[in-house]
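Input: a single structure, listed below in structure tokens.
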Amino acid sequence: MFLPDFDYYAPASLGEATDLLTRLGPSARVLAGGTDILVKMKNGLLAPSALVSLKHLRELRNIRWDAERGLVIGALATHNEICNSAVAQERFLSLSEAAHKLANNQVRNRGTIGGNLVNAIPSADLPPILIALGAHVTLAGPDGSRAMPVERFFTGVSCCALDPQREILTEVVIPPQETTGSTYIKFGLRRSGALAVVGVAAAVTMDGDMVKDARICLGAVYKMPTRAIQAEQVLIGKGWTDDLLEQSGRAAVGCCLPISDIRGSAEYRRDLVRIFTRRALKRAITKGHV
Amino acid sequence: MQAITDKQGVKRYLITLTVNGDQYSPVIKANTLLVNLLRDELDLTGTKKGCELGDCGSCTVLMDGKPVDACLVLALEADGCELITIEGVAQHGELDRLQRSFIDNAAIQCGYCTPGMILSAKALLTRNPHPTEPGVRAAISGNLCRCTGYVNIVKAVLDAAEVKG
Chain F
3 MFLPDFDYYA PASLGEATDL LTRLGPSARV LAGGTDILVK MKNGLLAPSA
53 LVSLKHLREL RNIRWDAERG LVIGALATHN EICNSAVAQE RFLSLSEAAH
103 KLANNQVRNR GTIGGNLVNA IPSADLPPIL IALGAHVTLA GPDGSRAMPV
153 ERFFTGVSCC ALDPQREILT EVVIPPQETT GSTYIKFGLR RSGALAVVGV
203 AAAVTMDGDM VKDARICLGA VYKMPTRAIQ AEQVLIGKGW TDDLLEQSGR
253 AAVGCCLPIS DIRGSAEYRR DLVRIFTRRA LKRAITKGHV
Chain C
20 MQAITDKQGV KRYLITLTVN GDQYSPVIKA NTLLVNLLRD ELDLTGTKKG
70 CELGDCGSCT VLMDGKPVDA CLVLALEADG CELITIEGVA QHGELDRLQR
120 SFIDNAAIQC GYCTPGMILS AKALLTRNPH PTEPGVRAAI SGNLCRCTGY
170 VNIVKAVLDA AEVKG
């Protein structure tokens, strides 16, 4: 399998990179880890005239805790860097665990969090937990940067709010928060190298046994990762019981619109949503950020 | 990075990378994949090509110590990197313990997955000299063996780890 011809640029600064994108026109694309875009190019789904490699923008690799902003993850942080980052594990182990569930070791060493978001496939593993934790992204363009909640970032299958002709996703930020627990549960056909058949993330804020707040996000069961608002409302303000979590799971089924494909039927996915919502909530409530 | 455009207008780039301790300065096109640079230009054909889509791990090499699929890395992105391929695992004509252990445990059947398996295992043992069995299974889970030989491969890696201990 060979790649079509393209021009290659490796700018030394973010400003240079966004200027290049604007100048090169509509068929230039950003290259981060390459684990998605090179596959698309090999399969003939994409034939960019130029690739703008971000490999020299080392500042976009950092993962750090900022007392005001929260956990700031550079867009070029690889999945394995997120898995192994002490600060990420300490603050939101659930995110490190979600990154660990993604693809296989070789891909996790190259693939980046920014690429995972911009690629915007419905079954992506990082968006559900990021949305549950209320994360936002920073999009940098030639005229400055804008922030956007991850929840609003996705606009359809493989579509997102980033303008590929002028913008680069530079960081993902999880704000400081009172949540007491969060988790992401994935069902894939294998433990490694498999897309999610269903992925459910939950983040809860507890006051003793009472659920003060809950955010649930479903992956792989709609054209984009989607909040299960009705399932959250079932919980808020009530003392948690196994029965209440089951009711929330049933409500989550009403929030999704899964397709049938080779990985699972729509009916099967709906049932997984019910069960995984219940399990994710119980883990987040009883185990913290795991 | 120096770029050279020939009379036909084809652009090539001069990169420098270290492979198995030797420095190379190949002149390559932008669309050259690392796996093809290794196999076709540097004649290091121990790195295999399987699915070429990042699923099978046959083309696993160590890039700055980490296992990556060489089919999903542009050669240009490896500019300035240190690579280890299966040809660089044996030292001074002596097989590495891991390689010896693969032979002793009959962990090789057709052999096509073996270079990738050994490099994934090598990266694991460098990071963690005493892995558990689930740890070994996780480390090689990005490498597919279609002869269904995982049991002996896992045994081989655990044996090599013990010898090293």
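In order, the protein sequences belong to chains F and C.
Take 3 as the starting number for the first sequence in the working numbering and just add one per residue.
Take 20 as the starting number for the second sequence in the working numbering and just add one per residue.
Beta carbons: idealized from backbone N, C-alpha and C, even for Gly.
Range of the contiguous alpha helix (DSSP H) that encloses residue i
i        : result
C/Lys85  : Counting along the chain, C/Lys85 falls outside any alpha helix (DSSP H), though it belongs to the beta strand (DSSP E) covering Lys85 to Asp88.
C/Glu101 : Careful: C/Glu101 lies outside any alpha helix (DSSP H), inside the beta strand (DSSP E) at Glu101 to Ile103.
F/Pro151 : First-last for F/Pro151: Gly146 to Pro151, but that is the beta strand (DSSP E), not the alpha helix (DSSP H).
F/Glu173 : Not the alpha helix (DSSP H): F/Glu173 falls in the beta strand (DSSP E), residues Ile170 to Ile176.
C/Thr133 : Thr133 to Arg146
F/Ile1   : The requested residue 1 of chain F does not occur in the structure, where chain F is confined to residues 3 to 292.
F/Ala43  : Checking the displayed sequence, the identity of residue 43 of chain F turns out to be Met instead of Ala. Per DSSP, F/Met43 belongs to the alpha helix (DSSP H) from Ile39 to Lys44.
F/Ile131 : Leu128 to Ala134
F/Asp9   : Unbroken run through F/Asp9 is the beta strand (DSSP E), Asp9 to Tyr11; no alpha helix (DSSP H).
Residue closest to residue i, alpha-carbon to alpha-carbon, out of the options
i        : options                                   : result
F/Ala205 : F/Val159, F/Ala30, F/Leu59 and F/Arg229   : F/Arg229
C/Asp264 : F/Asp244, F/Lys284, F/Phe278 and F/Gly195 : No answer is possible for residue 264 of chain C: it lies beyond the span of chain C, which begins at 20 and ends at 184.
C/Leu52  : C/Met82, C/Gly73, C/Asp25 and C/Ala94     : C/Ala94
F/Asp211 : F/Gln232, F/Phe4 and F/Thr182             : F/Thr182
C/Asp178 : C/Asn162, C/Leu163, C/Ile122 and C/His111 : C/Ile122
F/Ser250 : F/Pro260, F/Asp127 and F/Ala233           : F/Ala233
C/Glu71  : C/Tyr43, C/Leu163 and C/Ala140            : C/Leu163
F/Leu5   : F/Cys258, F/Asn118 and F/Leu47            : F/Leu47
F/Ala77  : F/Lys57, F/Asn107 and F/Thr114            : F/Thr114
F/Lys214 : F/Asp7, F/Leu97 and F/Gly239              : F/Gly239
F/Val199 : F/Ala216, F/Leu237 and F/Ile264           : F/Ile264
C/Cys100 : F/Asp127, F/His58 and F/Leu128            : F/His58
F/Cys162 : F/Arg193, F/Leu135 and F/Pro124           : F/Pro124
F/Gly143 : F/Ser15, F/Met226, F/Ser96 and F/Val109   : F/Ser15
F/Gly201 : F/Thr279, F/Leu237 and F/Trp242           : F/Thr279
C/Val176 : C/Arg165, C/Thr151, C/Gly161 and C/Cys166 : C/Thr151
F/Phe189 : F/Asp127, F/Val159 and F/Asn111           : F/Asp127
Reduced DSSP category for residue i - H, G, I as helix; E, B as strand; rest coil
i        : result
F/Ser29  : coil
F/Val275 : helix
F/Ile238 : coil
C/Met20  : coil
C/Lys183 : For C/Lys183, the predicted model reports a pLDDT of 49, less than 50, meaning its position is unreliable; a value from the coordinates is still stated below. Helix.
F/Lys214 : strand
F/Ser184 : strand
F/Tyr270 : helix
F/His291 : strand
C/Leu56  : helix
F/Lys225 : coil
F/Arg285 : helix
C/Thr35  : coil
C/Gly168 : coil
F/Lys20  : First, the amino acid is wrong: residue 20 of chain F is Thr here, not Lys. Helix.
C/Lys67  : coil
C/Lys174 : helix
F/His81  : helix
C/Leu81  : strand
F/Ile264 : coil
C/Gln118 : helix
F/Ala14  : coil
Cut-off 7 Å between Cβ atoms - residues of its own chain near residue i, not counting five sequence neighbours on either side
i        : result
C/Lys183 : Confidence at C/Lys183 is low in this model, with a pLDDT of 49, below 50, so its placement is unreliable and no value can be given for it.
F/Arg281 : Ile187
F/Glu99  : Tyr186 and Val292
F/Trp67  : Leu73, Val89 and Arg93
F/Lys284 : Leu247
F/Ala268 : Pro260, Ile261 and Ser262
F/Arg252 : Arg276
F/Met3   : Lys44
First through last residue of the beta strand (DSSP E) which encompasses residue i
i        : result
F/Asp68  : Ile65 to Asp68
F/Glu99  : Taken as a continuous stretch (DSSP letters only), F/Glu99 belongs to no beta strand (DSSP E), being part of the alpha helix (DSSP H) at Ala88 to His102.
F/Val109 : That residue, F/Val109, is in no beta strand (DSSP E); its alpha helix (DSSP H) goes Asn107 to Arg110.
Contact set for residue i: own chain, Cβ-Cβ below 8 Å, skip 5 residues either direction
i        : result
C/Pro134 : Gly65, Thr66, Lys67, Ser77, Thr79, Thr104 and Ile105
C/Tyr169 : Arg156 and Ile159
C/Leu138 : Thr79, Val80, Leu81, Pro86, Ile103, Thr104, Ile105 and Val108
C/Met20  : Tyr32, Leu33, Ile34, Leu95 and Asp98
F/Gln167 : Leu23, Thr24, Gly27, Pro28 and Ala30
Neighbourhood of residue i by C-beta distance below 6 Å, restricted to the same chain and skipping five residues each side
i        : result
F/Pro13  : Ala19 and Leu22
F/Asn121 : Asp38
C/Ala22  : Lys30 and Tyr32
F/Leu132 : Val152
F/Gln91  : Ser98
C/Leu91  : Gly73
C/Ala126 : Asn171, Ile172 and Ala175
*Are three or more beta carbon pairs between the region 35-55 of chain C and the region 219-228 of chain F nearer than 8 Å?*
In short, these stretches do not touch, since the Cβ pair count stays below three.
*Please determine if the region 161-175 of chain F and the region 230-248 of chain F are in contact, where contact requires at least 3 C-beta pairs separated by less than 8 Å.*
Contact between the region 161-175 of chain F and the region 230-248 of chain F is absent, because fewer than three Cβ pairs lie under 8 Å.
*How do the region 254-263 of chain F and the region 272-291 of chain F stand: do at least 3 beta-carbon pairs fall below 8 Å, yes or no?*
Put simply, the region 254-263 of chain F touches the region 272-291 of chain F. At least three CB pairs are less than 8 Å apart.
*Output, in sequence order along the chain, the residues in the region 75-100 of chain C whose CB is closer than 8 Å to any CB in chain B.*
Looking at the structure shown, chain B is missing, and the protein chains on hand are F and C.
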